[in-house]
Structures are given as C-alpha cells and as structure tokens.
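First to last, the sequence lines map onto chains B and Z.
No gaps in the numbering here: position 170 of the first sequence is 169 in numbering that gives the first Met the number 0, and each next residue is one more.
No gaps in the numbering here: position 453 of the second sequence is 452 in numbering that gives the first Met the number 0, and each next residue is one more.
Built from N, CA and C at the ideal position, the CB exists for glycine as well.
Before any comments, here is the structure.
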Amino acid sequence: MTQNTPQDNKALTLKLVVMTLAMFGFGFALVPLYSVFCEITGIRSAIVETDASQVIETPDIDREVTIEFVANRIAGAAWEFEPSVTKMKVHPGKLYSTTFFARNLLDRPITGLATPDIKPAAANKYFQKTECFCFTEQKFGASESRDMPVRFIIDPELPEHVDTVTLSYTFYSQTELASAAR
Amino acid sequence: MSQVDTHSHTDHHDDHHDHGPAKGLKRWLFTTNHKDIGTMYLIFSLVMFMTGGAMAMVIRAELFQPGLQLVEPGFFNQMTTMHALIMVFGAVMPATVGLANWMIPIMIGAPDMALPRMNNWSFWILPFAFTMLLSTLIMPGGGPAGGWTMYPPLIQQTGVALPFLIFAIHMMGVSSIMGAINIVVTIMNMRAPGMTLLKMPLFVWTWLITAYLLVAVMPVLAGGVTMLLTDQYFGTTFFNAAGGGDPVMFQHIFWFFGHPEVYIMILPAFGIISEIIPTFSRKPLFGYESMVYATASIAFLSFIVWAHHMFTVGMPIAGQLFFMFSTMMIAVPTGVKVFNWISTMWRGAMTFETPMLFSLAFVFLFTIGGFSGLMLAIAPADFQYHDTYFVVAHFHYVLVPGAVFAIMAGVYYWLPKWTGNMYDETLGKVHFWMSTIFVNVLFFPQHFLGLAGMPRRIPDYATQFADFNMISSIGGFGFGLSQLLFIYVVIKCAKGGVKATDKVWDEPRGLEWTLSSPPPYHSFSVAPEIK
Ligand code: HEM
Ligand SMILES: [Cu+2]
C-alpha cells in the first residue's frame with residue numbers, strides 16, 4: 000500500500016456517489032417491486048372480476064364458512080357507508096349476493112371508489128367476485144343513497160384451516176384521488 | 000494497491016504543511032483537519048445528547064405518575080418523536096463519525112481523511128439540519144408527533160412542520176453519506192504501506208462496513224421521506240389507498256432503512272469494544288478474523304430482516320416465518336462476537352479502569368438487549384409485545400448501555416490521547432457506577448410494563464402500571480444527572496491534569512499510541528512502517 004493519488008480518490012468517490020444515487024432510485028423502485036411481489040404471491044387483494052358465465056356452482060354443503068362484511072370510511076368523509084348484513088354463513092362453491100349501503104351526505108354530486116381487502120390473505124385467491132361495486136367508480140347525485148351489490152363465490156379449494164373470511168371495503172369520496180387509482 | 004507513488008510525499012498538503020491550526024473561529028469554520036472535525040462532531044453529539052436527554056426528562060416526568068400532569072398529550076408525542084430523532088441522528092451517529100474522524104487516520108497511519116474539504120461540509124451541514132428540526136417545536140401546530148418512524152397516514156397530520164422535518168432528514172442523510180464516502184475512500188486508499196486489510200484495527204473494519212451500510216440505506220430513507228412530501232403537497236399517492244397506494248409500503252421502505260440503521264449505530268460500538276477489551280486484558284483480541292467475518296455477516300443479514308418490525312401488519316405465515324428465522328440468524332454472528340470478547344478476557348491480566356468498566360457493562364447489558372430482541376423476533380409472541388414498553392426496553396438496552404456506553408468507553412479510552420491529560424479516574428468510576436445502576440433502574444422495569452401490556456408512546460396509563468413507571472422515572476432522572484458528571488470530567492480533562500504518556504495505557508496496541516499525547520496537528524505526514 001502506497002500513499003494514494005488524488006485520481007484514486009476521485010475514482011472511488013465517484014463509484015460511491017453512483018452507488019448512492021442508485022440506492023436513491025432503488026427506494027422508489029421498491030414501490031412497483033412490492034406491488035408486483037404482492038400480486039404474484041396473492042398478498043394483496045387484487046381487484047379482479049370473475050366472469051359470471053364461467054362460474055360453475057358445485058356447492059360443498061358439508062362445509063360452512065363465515066363471511067364478515069366490514070365498511071370503512073376515512074375520517075371526515077362525507078359518506079354514510081355500511082354493509083346491509085355484517086355476517087353470512089356460506090357454503091363454498093355456491094354463489095351469494097349481498098349489498099352495501101351508501102349515502103352522499105353532501106348537497107352536490109360526488110364520485111366514490113371502494114378498495115376491497117380480504118383477510119386472512121390466504122383466502123385471497125379463493126374469494127371470487129362476479130359483481131362488485133368496487134370494479135367501477137360510483138357516481139352519486141346530491142344527497143343520493145343506494146344499495147350497491149356484491150356477488151361472490153368461495154372456491155371450494157379454500158384451505159381447510161380458514162373458517163372465517165373478512166371482506167372489508169374502504170370507500171373513498173375524493174373524486175380526484177379516486178380517478179387517479181385506475 | 001501497490002502502484003508506485005510518483006509524487007513526493009511533501010507536496011500533498013500544499014501551503015499549510017507543518018503549520019498549527021489557524022486562530023479563532025475561522026479555525027473551526029474552515030478547518031479540514033480530521034482532528035478538529037472529529038472534535039466538532041463529538042462536541043455536537045454531546046450537545047444533542049443533552050438536548051435529546053432533556054426531552055427524555057420531560058417524558059419521564061410526565062410518566063412519573065398516572066394521569067396528565069405536566070404537558071399536553073400532543074406535546075408529549077412531540078417529545079417522544081423528537082427525542083428519538085435527535086438521539087439517533089444527532090447523538091449516536093455523529094458521535095461514531097466523530098470517533099472515526101479522530102481515530103481512523105491515525106489508526107491506519109494516514110496524514111488526514113482522503114477528502115478533507117468534503118469532511119468540513121459533512122460536519123457543518125449538521126448544525127443547520129438540527130436547527131431546522133428543533134425549530135419545528137415553535138411552529139404553529141408544533142413539531143412532528145407521529146413517532147420517529149413517521150408512518151403515514153398519521154405523520155401526514157403534522158402541520159407546517161412536515162416539510163421542515165423532511166428537509167432536515169434529507170440534510171442529515173447528505174451529511175452521513177458524505178461522511179461515509181469519506182471514510183471508505185480513506186480506508187481503501189490511505190493505509191500506510193504494510194497495513195493490509197486484515198491488519199487493520201477492528202474499529203476501522205467495523206467502520207468500513209458501517210460506511211457501506213450508510214451508503215446503501217440512507218438514500219432509501221431519503222426516497223421514502225421524499226414520497227411522504229410529494230404525497231402531502233404534490234398529489235402523488237404512494238402511500239394513499241384512495242389513490243391506489245398503500246400506507247404499509249412506507250413501513251417496508253422505512254424498515255429497509257431502519258434495520259440496517261440500528262446496525263449503523265451498533266457496529267462502530269462493537270469496534271470500540273474490540274479495541275478496549277484487549278488493552279485492559281493485556282492479550283490480543285481473540286478471533287480477530289472471525290470478528291471481521293461476523294461483522295460482515297451481520298451487515299449482510301441486516302438487509303433481509305426488516306419486516307420483523309411489521310409482524311402485525313397482516314403478513315402471510317410464510318413471510319412471518321422467513322423474517323422470524325432470518326432475524327434469529329443474526330444472533331449467531333452476534334454471539335460469535337460476545338464469546339470472542341469473553342475469550343479475550345479469559346486468563347488475561349485484567350485491570351478495571353473506566354473504559355474497561357464501560358466495556359464490560361456493554362458486553363453484559365447489550366447481551367440482555369439482544370435476548371429481548373430474540374424474544375421479539377418470535378413472530379407469534381411479537382403480537383403481544385409489539386408497540387408495548389417491552390420494545391422500548393429492548394431497544395434502549397441495545398442503544399444506551401449498548402451504543403452509548405461504547406461511545407463513552409471510547410471517549411475515556413482516547414481522551415488522554417486527544418488532550419494529553421489523564422481524566423480523573425475516580426470521577427470516571429463514579430460516573431460509570433451511577434450510569435450503570437441508573438440505566439438499569441430506568442429500563443429494566445420497562446420489560447415488566449411491556450409484558451403487562453403498557454403501550455408505548457402514551458402520556459397517561461392505567462393505574463396498575465404506576466409503581467414500575469415511578470421506579471423507571473427515578474432511574475431516568477438519576478441517569479440524566481449522572482451525565483452532567485460526564486461533561487464535568489471531560490471538561491476537567493481538556494483543561495489539564497496529570498500528563499498522559501504517549502502509550503497512556505499499559506500495553507495498548509495500534510498506531511495511535513506511537514504518536515505523542517496529544518498528537519501533533521498533522522500526524523503521519525510520512526507514512527509509518529508497519530511490521
Ligand atoms: C440479536 C439482535 C436483535 C434482534 C433479534 C432484534 C429484534 C427486534 C425486533 C423483532 C424488533 C421489533 C419489535 C416490535 O416492534 O414489536 C426490534 C425493535 C427495535 N430494535 Fe432490535 N433486535 C436486535 C438488535 C438490535 C440492535 C443491535 C439495535 C440497535 C443498536 C436494535 C434496535 C431496535 C430498535 C430501535 C427497535 C424499535 C424500533 C421502533 O419501533 O421504534 N435492535 N428489534
Ligand atoms: Cu430491526
């Protein structure tokens with residue numbers, strides 16, 4: 000090891016600066032990377048529509064699964080939003096439908112968007128929705144209220160240990176933000 | 000690294016070769032001298048340690064009894080948030096950088112840091128960053144109060160303070176990245192002839208690895224907080240579910256930085272302890288090479304364990320298992336280190352001067368923190384422990400009698416070298432015993448509080464937690480007061496005292512002990528011979 004020259008220092012410094020910038024970029028790259036990862040592994044509930052005509056009902060009447068429905072709003076949202084039933088006992092392989100009720104508390108029209116979440120995550124792949132108000136934006140006139148339908152079927156392949164599945168929706172009312180989602 | 004140097008050694012530092020320091024304020028503002036800059040880092044760190052400590056006193060005073068007595072809950076939350084940010088970025092990190100500045104060049108036989116002007120910048124950014132951060136306390140709406148982990152959406156309820164918090168973090172990041180680059184370049188390019196990598200003192204090794212960690216993760220934190228900023232002010236929705244984003248994403252980004260960050264704070268501490276224990280055991284370090292490899296494995300593993308901070312976010316079982324086992328794996332290289340320190344002491348002719356006392360306390364108490372870490376790493380158990388005082392007890396054991404004790408051990412160990420005077424050994428020992436007793440009174444009861452279910456970051460609590468909280472607060476006040484003694488000992492030593500010899504200790508190893516005490520302003524202008 001001899002004394003360094005300024006050129007050595009420059010070259011190594013440059014390498015480290017490039018590494019710094021690359022890691023700064025990597026921080027941002029983590030966002031799409033995580034999304035892809037979560038969708039491949041089924042960690043995140045992808046908003047996927049199951050084609051109703053493709054569904055063949057094969058009810059497994061020996062098995063009963065409890066489905067819980069949960070409705071969330073962010074604090075201060077100008078909505079009323081709740082499930083019409085909070086719990087249902089279902090047989091895997093059979094189509095069911097339920098509704099969520101929403102009311103616009105403002106005296107002007109707004110658009111909302113619901114994002115679904117399914118827990119436990121292991122149930123994600125087996126909870127198929129043939130119809131859901133979360134597939135499209137929901138436009139509400141001034142003070143309008145209505146029931147919004149969800150039709151779903153639990154795949155009989157649902158792992159044995161899952162006996163309760165929670166379907167929770169968060170309903171966002173901010174028009175601009177909701178449209179940014181798609 | 001064996002290219003022949005064509006320059007003569009003397010034209011390296013152009014005009015101020017052999018000069019002493021400039022006079023007055025200008026010396027400190029414009030200095031490019033590693034010893035000056037190291038001193039400034041250490042003083043800055045001490046000031047921040049007292050500032051963050053004062054906030055901890057507010058926290059412990061409020062928690063002395065159940066009920067709200069002294070401060071508003073909002074202000075309490077500002078105190079916990081600011082305390083953590085200041086201690087992590089203002090006290091522990093600058094202290095280890097300060098030690099690196101002082102010691103690395105004279106441990107590897109270099110005349111100075113490789114990039115001395117950048118060194119000046121990395122230091123002088125810090126006072127501005129922390130002035131900015133502290134100024135948020137007097138802004139409308141107060142300082143950030145959402146915790147040092149800055150999770151959205153909570154942190155986005157911060158008022159006007161948010162952009163100041165984020166810019167302050169950017170500045171701290173820039174400062175530590177510049178510091179880290181400087182350290183890597185110095186270590187790679189400036190070693191004296193014969194100082195091969197595997198001859199470097201362990202403090203230099205741990206800092207080399209730490210510096211790489213800094214370069215790898217500080218930019219990721221910068222990216223994360225930048226996304227918070229654009230979410231708040233520019234309509235992006237990285238972490239906003241309403242726009243297709245995901246708040247949990249922030250936690251992933253934060254902890255991808257956050258877990259390596261805890262090793263950024265502890266690896267230099269491991270290095271300091273590995274210098275001190277051999278000196279006072281009068282034996283070479285046991286298992287030098289295994290220490291190097293253990294440090295490297297810890298650094299590598301620290302990148303794949305981050306989600307142990309997030310067991311409760313709703314991860315699939317496979318994820319929980321992965322992060323649980325990868326986390327537990329870190330205990331293996333950490334165990335190697337602890338056993339090596341103990342083996343170094345085995346049958347050594349040990350003496351117990353203040354630096355050694357702090358190092359011994361480090362080995363014991365850091366290990367307690369490691370064990371509570373292992374308990375937290377058990378995913379199913381963490382559902383109970385998470386966000387309770389048990390976590391607070393865990394990280395304070397690894398950070399206070401861990402990182403902070405190691406830094407104090409290092410200060411006592413090298414203070415005679417820096418100042419040329421011996422510190423007051425009696426007062427040093429008093430400081431040690433007071434700190435060690437009070438730190439345990441302060442943090443040990445917090446384990447029980449956490450196991451009994453007391454949440455962290457709350458200004459008030461159920462009455463069944465009253466007794467342990469009172470004990471903990473008493474420990475806190477005692478620990479705080481003990482540190483005033485530390486300041487007194489350091490100032491007294493800087494002002495004068497029994498002259499230190501060049502070697503200072505009986506049989507210290509390393510190039511720093513071949514220099515005079517204090518070392519000349521410019522040392523090793525001619526590279527020393529390494530045998
Ligand atoms: C064997 C080594 C270690 C293990 C297994 C471990 C494990 C853990 C786990 C599982 C948590 C999350 C607890 C929860 O939030 O529920 C945690 C938190 C923490 N650990 Fe460790 N840890 C270790 C060493 C360290 C070291 C060396 C440091 C720092 C020097 C450290 C600093 C922290 C901090 C600051 C937190 C809390 C962060 C926060 O939520 O604010 N840990 N540790
Ligand atoms: Cu961690």
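Label residue i either buried or exposed according to how many other C-beta atoms from any shown protein chain fall within 10 Å of its C-beta, with 16 as the threshold for buried.
i       : result
W345(Z) : exposed
R116(Z) : exposed
K34(Z)  : buried
E511(Z) : buried
A461(Z) : exposed
R508(Z) : exposed
S7(Z)   : Bear in mind that a pLDDT of 39 at S7(Z), under 50, signals an unreliable position, so the number given afterwards is only what the model happens to contain. Under this definition S7(Z) is an exposed residue.
T5(Z)   : Any reading at T5(Z) is ruled out, since the residue's pLDDT is 38, under 50, leaving its predicted position unreliable.
P519(Z) : exposed
In whole angstroms, what is the alpha-carbon distance linking residue i and residue j?
i       : j       : result
G24(B)  : T165(B) : 37 angstroms
E506(Z) : E274(Z) : 12 angstroms
A533(Z) : A160(Z) : The structure shown does not extend to residue 533(Z), since chain Z is modelled only from 0 to 530, so the question has no answer here.
D230(Z) : E424(Z) : 54 angstroms
M22(B)  : K198(Z) : 31 angstroms
M323(Z) : F63(Z)  : 35 angstroms
K536(Z) : T97(B)  : With chain Z covering 0 to 530 only, the question about residue 536(Z) has no answer from this structure.
P104(Z) : A113(Z) : 9 angstroms
H531(Z) : I168(Z) : Since the first residue shown for chain Z is 0 and the last is 530, residue 531(Z) is missing from the structure and cannot be characterised.
R281(Z) : N339(Z) : 15 angstroms
P5(B)   : L213(Z) : 23 angstroms
T30(Z)  : I107(Z) : 21 angstroms
I473(Z) : E159(B) : 53 angstroms
G479(Z) : M54(Z)  : 11 angstroms
Should residue i be listed as close to ligand 1, given that the test is whether its C-beta is under 7 angstroms from any heavy atom?
i       : result
V397(Z) : yes
H393(Z) : yes
A376(Z) : yes
H385(Z) : yes
G223(Z) : no
V549(Z) : Beyond the ends of chain Z as shown, which are 0 and 530, falls residue 549(Z); an answer cannot be given.
L15(B)  : no
G313(Z) : no
L373(Z) : yes
G369(Z) : yes
DSSP on residue i, reduced to helix/strand/coil?
i       : result
F97(B)  : For the sequence presented, residue 97(B) should be read as Thr rather than Phe. In this structure, T97(B) counts as strand in the three-state DSSP scheme.
V149(B) : strand
D7(B)   : helix
G318(Z) : helix
K502(Z) : coil
R456(Z) : coil
V497(Z) : coil
I66(B)  : strand
E143(B) : coil
K22(Z)  : coil
S342(Z) : helix
L13(B)  : helix
D116(B) : strand
R181(B) : For R181(B), the pLDDT reaches just 33, beneath the cut-off of 50, and the residue's location in the model is therefore unreliable, although a value from the coordinates is still provided. R181(B) falls in the coil class under three-state DSSP.
H11(Z)  : Here H11(Z) scores only 43 on pLDDT, less than 50, and its place in the model should not be relied on; the value that follows carries that caveat. The answer is helix: DSSP assigns H11(Z) an H, G or I state.
H521(Z) : coil
Closer than 7 angstroms to a non-hydrogen atom of ligand 2 - does that hold for the CB of residue i?
i       : result
H308(Z) : yes
H258(Z) : yes
V331(Z) : no
V91(Z)  : no
V304(Z) : yes
Which chain D residues sit within Cβ distance under 8 angstroms of residue i?
i     : result
N8(B) : The chain labelled as chain D is not found among the protein chains of the depicted structure, namely B and Z.
Would you check if there are 3 or more beta carbon pairs closer than 8 angstroms linking the stretch 521-530 of chain Z to the stretch 191-198 of chain Z?
Touching, per the Cβ criterion.
Taking contact to mean at least 3 C-beta pairs separated by less than 8 angstroms, is the stretch 127-135 of chain B in contact with the stretch 143-160 of chain B?
They touch, by the three-pair rule.
Taking 8 angstroms as the cut-off, does the stretch 273-291 of chain Z touch the stretch 340-360 of chain Z (at least 3 CB pairs, one atom from each stretch)?
Two segments are said to touch when three or more pairs of C-beta atoms, one from each, lie closer than 8 angstroms; by this definition the stretch 340-360 of chain Z touches the stretch 273-291 of chain Z.
Taking three-plus beta-carbon pairs below 8 angstroms as touching, is the stretch 92-99 of chain Z in contact with the stretch 487-497 of chain Z?
The way I'd put it, the stretch 92-99 of chain Z doesn't touch the stretch 487-497 of chain Z; fewer than three beta-carbon pairs between them come closer than 8 angstroms.
For the stretch 452-472 of chain Z against the stretch 403-416 of chain Z, are there 3 or more C-beta pairs whose distance is under 8 angstroms?
Touching, no.
With a threshold of 8 angstroms, are at least 3 pairs of Cβ atoms found where one atom belongs to the stretch 125-138 of chain Z and the other to the stretch 435-448 of chain Z?
no
Does the stretch 294-301 of chain Z come into contact with the stretch 204-212 of chain Z, if we say contact requires no fewer than three beta-carbon pairs (one atom in each stretch) closer than 8 angstroms?
yes
Cβ pair count under 8 angstroms reaching 3, the stretch 101-109 of chain B against the stretch 135-148 of chain B
yes
When you compare the stretch 64-79 of chain Z with the stretch 137-144 of chain Z, are there three or more beta-carbon pairs, one atom per stretch, that lie closer than 8 angstroms?
yes
Give a yes or no on contact between the stretch 171-182 of chain Z and the stretch 249-259 of chain Z, applying the rule of three or more CB pairs nearer than 8 angstroms.
At 8 angstroms Cβ cutoff, the stretches do not touch.
The stretch 362-373 of chain Z contacting the stretch 230-250 of chain Z, beta-carbon criterion three pairs below 8 angstroms
Cβ pair count under 8 angstroms is below three, so no.
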